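Just so we're aligned: the sequence shown equals residues -17 to -1, 1 to 393 in mature numbering (1 follows the signal peptide of the UniProt record, and there is no 0).
Glycine included, every Cβ here is placed at the ideal spot set by N, Cα and C.
These figures come from a predicted structure and were not determined experimentally.
Following: one structure in structure tokens, then a few remarks.
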Amino acid sequence: MRTATLLAVANLGTAFAAVQIYGQCGGGAFTGEADCAEGSTCVEHNEWYSQCIPDFQGGNFGSNPPAQGVEVPKFTEAPATKVSSVDEEENNNDESAPVQTFAPVVPPQPEGGDDEESAPVESSFPGVPSQPGVPSQPGVPSQPAEEGDDEVSNPVVEPTSVAAAPTSGSGSGSGSGSGSGSGSGGITRTIPASSGSTNAATAIPVSGELDGGMMYYDRSPAVCQEQTETGEADAMFILEDGATLRNVIIGPGQAEGVHCKGTCTLENVWFEDVCEDAITLKQKSGTSTIRGGGAFHASDKVVQFNGRGTVEISDFYVEDYGKLVRACGNCKDNGGPRNIVIENIAAVDGGVLCGINTNYGDTCTISNSCQDSGKSCDLFKGNSDGSEPTKLSSGPDGTSCKADSFSKTC
């Protein structure tokens, strides 16, 4: 029965006569198609918005959302086989296990508040409570951070927010991460309250735009194997070239977070407990943007930059991390340049903000940011033969790495 249901969901991309999975099927002044494709049910999130949600068997989905306050199930993680990582061993240009792509589009939240706080939603999957003062996600203790690279260990990442978010401090959001103290302005340091929860057995493909409305997403069964290299199939979301993902919270059961096959935009995306990496960029050129949001407990990298071009990171909070961004040091067909632009981020209890390869012309520019421990940048000589990159120096050199208005107090 479960197999038949999964096949039905996989065929949703061809059901043009009905609303696709995760598409809008009602709410407010909505006048479009209201019948969901086979294998999904129209679930009312609030008076403005209803969405087609897969109705998997086994309790993961259904037509009736659970009562508020239902506890999110504990995920059974695969054995945590800690593997010492070769600096940038992310040669995962694997495009195996292709997933049919669809373009779920959720309309913007109604005016009158932050997009992550209005109209709490309970999905039909066991939910994360959204009552004030009650943690919205299961508190998953962080694994001891083991740096496979030659830098720092045990860093922590904390989230930031988009423009409408609170400015600083130890906010009241949900999740296992919370920060404190002063630092860069316009940055939220706690995971916002979730509007509901959704578990998925496979990565969710996105083309176009997906606004999760602060939904909590995770993989079930869990696929995280700590620092064991897996691949795109173990991500939570796979973004096609030019896709946008916003307003989601990603749980600890996934292994690869978000994979961007080309340029992508992430806005207010939160990682509760990073597994292998949080974000992998594979673009051949152009600019990817990470704005707002944050990440916690990344024993190695938050952003793995395997492609070329530029990544811009702003208004981001990171805590308990090994590296915020690393330009791949030993990928097959490695090269550059890769340009990393970091502006208005707060980094707490961590290692290195950016690792770049000067022989490929990589650059890293840091401005209006704070970091209470660790190093601003590490400079390497990269290679394409898979061997350990040669570390050349640490800290800004005024050419490849520059830091301006940079505070050591967060």
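- Non-local beta-carbon contacts of lysine 265 in its own chain, meaning distances under 8 Å to residues more than five positions away in sequence, involve Asn76, His242, Cys243, Lys244, Gly245, Asn289, Gly290 in chain order.
- Secondary structure at aspartate 217: helix, using DSSP grouped into helix, strand and coil.
- A contact is defined here as three or more CB-CB pairs under 8 Å, and the stretch 192 to 207 fails this definition with respect to the stretch 334 to 346.
- If you compare the alpha carbons of Val301, Pro37, Met219 with that of isoleucine 325, the shortest gap goes to Val301.
- For asparagine 342, the three-state secondary structure derived from DSSP is helix.
- When the Cα atoms are used, isoleucine 174 and alanine 278 turn out to be separated by approximately 9 Å.
- Between the alpha carbons of alanine 281 and aspartate 260 lies a gap of roughly 7 Å.
- Sorting Gln354, Leu307, Ala218 by C-alpha distance to the C-alpha of phenylalanine 389 places Gln354 at the top.
- Here lysine 358 is buried, its C-beta having at least 16 other C-beta atoms within 10 Å.
- Collapsing the DSSP output to three states places valine 2 in a strand.
- Rounded to the nearest whole angstrom, the C-alpha separation of aspartate 368 and threonine 272 is 29 Å.
- Contact check for threonine 346 against leucine 362 fails: the beta carbons are separated by 8 Å or more.
- Cβ contact annotation for cysteine 8 (same chain, cutoff 6 Å, sequence separation greater than five): Val2, Ala17, Cys19, Cys25, Ser33, Cys35, in chain order.
- Per DSSP, reduced to three states, the secondary structure at glutamate 250 is strand.
- Sequence-distant Cβ neighbours of alanine 386 in its own chain, meaning closer than 6 Å and more than five residues away, are Ile349, Ser359, Pro379.
- Under the criterion of beta carbons closer than 8 Å, methionine 219 and isoleucine 233 qualify as touching, at roughly 5 Å.
- In this structure, DSSP gives alanine 183 an extended state, which the three-state scheme calls strand.
- Of the residues assessed, glutamate 21 falls on the exposed side of the cut-off, its CB having fewer than 16 other CB atoms within 10 angstroms.
- If you draw a 10 Å sphere on the C-beta of lysine 306, you find 16 or more other C-beta atoms in it, and that means buried.
- Secondary structure note for asparagine 289: it is in no beta strand (DSSP E), with a DSSP letter that is neither H nor E.
- Using a 10 angstroms sphere on the CB of aspartate 316, the tally of other CB atoms stays under 16, which defines it as exposed.
- Rounded to the nearest whole angstrom, the CA to CA distance from aspartate 201 to aspartate 256 is 11 Å.
- Distance between leucine 193 and phenylalanine 299, taken at the CA atoms: about 20 Å.
- Cβ atoms of methionine 197 and serine 177 come within 8 Å of each other, at about 6 Å.
- Taken in chain order, the complete beta strand (DSSP E) segments of 3 or more residues contained in the stretch 289 to 368 are 292 to 310, 321 to 340, 346 to 354, 358 to 364.
- Residue state for isoleucine 170 is assigned as coil, using DSSP reduced to three classes.
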